[in-house]
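Written below as structure tokens is the structure these notes are about.
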Amino acid sequence: MRRLIVISLAVAALGLTGCAGGSGVPTAAPATTASSTPGTTAAPDAADPSTWLVTSAGIGPFRLGADLKGVEAQLPDLKRDLTADCPNPAVTFLTSPAVDVTVVNDDAGKIVGVDVGNAFRVPSSPVGQAHTPLAGPHTSQGIGLGSTLAELNAGIPAAAKSDGYDPDFPTWTVKDSASSWTTFSLRTDTQTVNAIGVWPGALPPSEYCG
Numbered sequence: 025m026r027r028l029i030v031i032s033l034a035v036a037a038l039g040l041t042g043c044a045g046g047s048g049v050p051t052a053a054p055a056t057t058a059s060s061t062p063g064t065t066a067a068p069d070a071a072d073p074s075t076w077l078v079t080s081a082g083i084g085p086f087r088l089g090a091d092l093k094g095v096e097a098q099l100p101d102l103k104r105d106l107t108a109d110c111p112n113p114a115v116t117f118l119t120s121p122a123v124d125v126t127v128v129n130d131d132a133g134k135i136v137g138v139d140v141g142n143a144f145r146v147p148s149s150p151v152g153q154a155h156t157p158l159a160g161p162h163t164s165q166g167i168g169l170g171s172t173l174a175e176l177n178a179g180i181p182a183a184a185k186s187d188g189y190d191p192d193f194p195t196w197t198v199k200d201s202a203s204s205w206t207t208f209s210l211r212t213d214t215q216t217v218n219a220i221g222v223w224p225g226a227l228p229p230s231e232y233c234g
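This is the structure:
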């Protein structure tokens, strides 16, 4: 499920100019996690989204400040979604059987924000029933797609609910460094994480295309 775009907010949050990418790409932040308590994770593998770590620097190979085309070259299983009707050249939608990725880049093609997830793949068990988290990107505490709100609060207590855009998908945010925030979007019907992003602002753009 994609957010729709309010271009003025995208300009304010990401430095985009109209439908073309803006110039100010943030310096990649140190690779710290969304919380200071480390966990046990598999060795990162660019081709395996289940090993992608969410840090202040980005998500797996999608690091803030990295060249998007160079990252795409490492990931043959991720294909551009050619069905996406998005006239904004600063936004790229990538899809695979394992995970969907939305990337915002600047005029030079450098990544300024990234979001992973797919609401339709997140377990739809009602709140309180057993669920199986997806094998996808996660923090060092193991918080990933399909994690419950209780697990998010326990694993990353600094994450705070923020004023999001869609009441059906409230957002929890934690500031990781001087230049990046990690966001967790949850489904209200299941209270599970359906998207995770790393952005140069406290919230992702409310919409991407317009």
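Residue numbers for the sequence shown follow our numbering, so the first one is 25 and each next one is one higher. Glycine residues also receive a C-beta, built at the ideal position from the N, C-alpha and C atoms. On a predicted model such as this, the values are computed, not experimentally measured, just so you know.
Contact between Gly133 and Ser74 fails: their C-beta atoms lie close to 27 angstroms from each other, not under 8 angstroms. For Lys93, the enclosing alpha helix (DSSP H) stretches over residues 92-97.
Under the criterion of beta carbons closer than 8 angstroms, Pro85 and Val95 qualify as touching, at roughly 5 angstroms. Membership of Leu173 in the alpha helix (DSSP H) is indicated by the continuous run 173-179. Of the other Cβ atoms in all chains shown, fewer than 16 fall within 10 Å of the Cβ of Gly166; this residue is therefore exposed.
Annotation: the continuous beta strand (DSSP E) that includes Ala184 extends over 184-186. Pro100 has its alpha-carbon roughly 31 angstroms from the corresponding atom of Thr195.
Collapsing the DSSP output to three states places Thr116 in a strand. Residue environment analysis places Ala114 among the buried positions, since at least 16 neighbouring C-beta atoms fall within 10 angstroms of its C-beta.
Ile135 is positioned such that its CB atom lies no closer than 8 angstroms to that of Leu77. In this structure, the beta-carbon distance from Thr172 to Gln215 falls below 8 angstroms. With a threshold of 16 other beta carbon atoms within 10 Å, Pro191 falls short and is exposed. Val217 is positioned such that its CB atom lies closer than 8 angstroms to that of Gly168.
Beta-bridge analysis with DSSP links Asn129 to Ile135. Rounded to whole angstroms, the separation of the alpha carbons of Ala81 and Asn177 is 22 angstroms.
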